[in-house]
Amino acid sequence: MNRENDHLQALGAKTVYRGDYAPEVLETFENKHRDNDYWVKFNCPEFTSLCPITGQPDFAEIVISYIPDIRMVESKSLKLYLFSFRNHGDFHEDCVNIIMKDLVRLMDPKYIEVTGMFTPRGGISIHPYANYGRPGTKYEDLAVRRFEMHQ
Numbered sequence: 021m022n023r024e025n026d027h028l029q030a031l032g033a034k035t036v037y038r039g040d041y042a043p044e045v046l047e048t049f050e051n052k053h054r055d056n057d058y059w060v061k062f063n064c065p066e067f068t069s070l071c072p073i074t075g076q077p078d079f080a081e082i083v084i085s086y087i088p089d090i091r092m093v094e095s096k097s098l099k100l101y102l103f104s105f106r107n108h109g110d111f112h113e114d115c116v117n118i119i120m121k122d123l124v125r126l127m128d129p130k131y132i133e134v135t136g137m138f139t140p141r142g143g144i145s146i147h148p149y150a151n152y153g154r155p156g157t158k159y160e161d162l163a164v165r166r167f168e169m170h171q
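Numbering-wise (the working numbering), the sequence shown opens with residue 21 and increments by one.
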């Protein structure tokens, strides 16, 4: 039996969906490959939140890419966290920045970027992008370069 990940609560447990924004459901595990840089990418094509003004649902594909350091986010807990936005009212740009900042606080990754590709509402789609590179490192430079090249 692997005791290393005994602290993980969501994985293997009955799925309980939260009614509103719940960053406390996020869980991490140890990165066993800290000796090299690599990308981890999550794609959530069924993200839903609410417009804070009208209460109407907003739909998006959320893409999270990061270079881990010591801790990595556990995928089921991430799914439950993203699902917790379903009844949460925030603008598209806020959702993307909240997700990124919560994951930075949780994992302290070397680098992370979050993109939201929200479906059109009123004939306009919004695709906010936020990124972070650890200050004082080459990852801060990576964040600047990727931000400058973002379209």
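Even for Gly, the Cβ is constructed at its ideal location relative to N, Cα and C.
Could you check if residue i is buried or exposed, using at least 16 other CB atoms within 10 Å of its CB as the buried criterion?
i           : result
residue 170 : exposed
residue 161 : exposed
residue 56  : exposed
residue 93  : buried
Pick from the options: whose alpha carbon is nearest that of residue i?
i          : options      : result
residue 64 : 161, 82, 101 : 82
Return yes when the C-beta of residue i is under 7 Å from any heavy atom of the ligand ZN, and no when it is not.
i           : result
residue 104 : Here there are no bound small molecules, and the ligand ZN is not part of this structure.
Which same chain residues, not among the five before or five after residue i, have their C-beta less than 7 Å away from its C-beta?
i          : result
residue 54 : 89, 90
What is the residue span of the beta strand (DSSP E) that residue i lies within?
i          : result
residue 70 : 60 to 70
residue 91 : 91 to 93
At what residues does the alpha helix (DSSP H) containing residue i begin and finish?
i           : result
residue 118 : 112 to 127
residue 160 : 158 to 169
Grab me the residues of residue i's own chain with a C-beta within less than 6 Å of its C-beta, minus the 5 sequence neighbours each way, in chain order.
i           : result
residue 109 : 70, 72
### Message
Assess contact between the segment 122 to 134 and the segment 42 to 53, defined as three or more Cβ pairs (one per stretch) separated by less than 8 Å. Is contact present?
### Response
Touching, per the Cβ criterion.
### Query
Do the segment 104 to 119 and the segment 131 to 143 touch if we need at least three Cβ pairs shorter than 8 Å?
Enough Cβ pairs lie closer than 8 Å, so yes.
### Query
Touch check for the segment 98 to 106 and the segment 137 to 144: three-plus C-beta pairs under 8 Å?
Verdict: no, contact absent.
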